[in-house]
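Notes follow the structure.
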Amino acid sequence: MFLKFYFILFQDMVLCQKRNKKVGKVNKFIWIFVIFLLFSCGAPIVPPELKKEIVPNITISQVQKKPQLFKGKTVMWGGEVLKSINKKEGTLFEVLALPLDRRGRPKQVDKSEGRFLILYKDYLDVAIYAPGRKITVIGEIKGIKKLPLGEIQYTYPFLEAKKIHLWELRPERVDIYHYWFTYPNYPLWYGPPYWYWP
């Protein structure tokens, strides 16, 4: 009796292992397919013809101090639009510089190296390229512009854009608390369940 029981148990374990191996293989192929889709979808923000022109590691502070040394160089910078104005020459942007991630998207961090100006020699709708939106620009350094910023004169590196990428808006994260998690998040308990005598 006991031998029969252990034999059945052993068979079940073997079948379970075989089943898990098959499931594991299927899951592996699914993940490979998903990763392939993630990497293959979406056009790169840097066109191949511009990629070779970009000079990496040129910073805003370097251009502010020695603009002539970097004039004519092509950089890829990004950040948050502070102002966007349509002018006769094109669309002018004032941008708060932010570090870029691997995709070239500006990171959402409370750290900036400064501000810079971009001139895009065409019309862009400033209602779309509005303050608060994130952009990445590939542009040629034309020099600097000194303009009032509050009560000071600020030195803006000035770029002429070759390409501007406007990033999609990300939904704001909303934390949802269930009733049974209410107490740790609020100083007083005021939600259900309500305890009362019948």
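So the sequence shown is numbered by this note's numbering: it starts at 480 and just counts up by one. We put the CB at the ideal spot given by N, CA and C, even for glycine.
- I539: not part of any beta strand (DSSP E); member of the alpha helix (DSSP H) spanning 539-544, first to last residue.
- In terms of Cβ geometry, V574 and I597 form a close pair [threshold 9 Å].
- Residue burial is scored here from C-beta neighbours: L626 has fewer than 16 other C-beta atoms within 10 angstroms and is therefore classed as exposed.
- Where L598 is concerned, the enclosing beta strand (DSSP E) starts and stops at 594-599.
- The beta carbon of L638 lies closer than 8 Å to those of V554, W556, F595, L596, I597, L598, V616, G618, E619, I620, K621 in the same chain, with the five residues before and after it left out.
- Contact annotation: the segment 579-586 does not touch the segment 563-570, with fewer than three C-beta pairs closer than 8 Å.
- Distance from the Cα of P523 is smallest, within the candidate group F572, I643, L571, I607, for I643.
- Measuring C-alpha to C-alpha distances from E559 to each of K544, P578, Q541 identifies P578 as the nearest.
- Contact between I623 and Q541 is absent: CB atoms are separated by about 11 Å, not below the 8 Å threshold.
- Note on geometry: alpha-carbon atoms of E647 and Q547 lie some 35 Å from one another.
- With a beta-carbon spacing of about 5 Å, I614 and L645 fall inside the 8 Å limit used to define contacts.
- For L529, the CB contacts under 8 Å within the same chain, skipping 5 residues up- and downstream, are T553, I617, K641, K642 in chain order.
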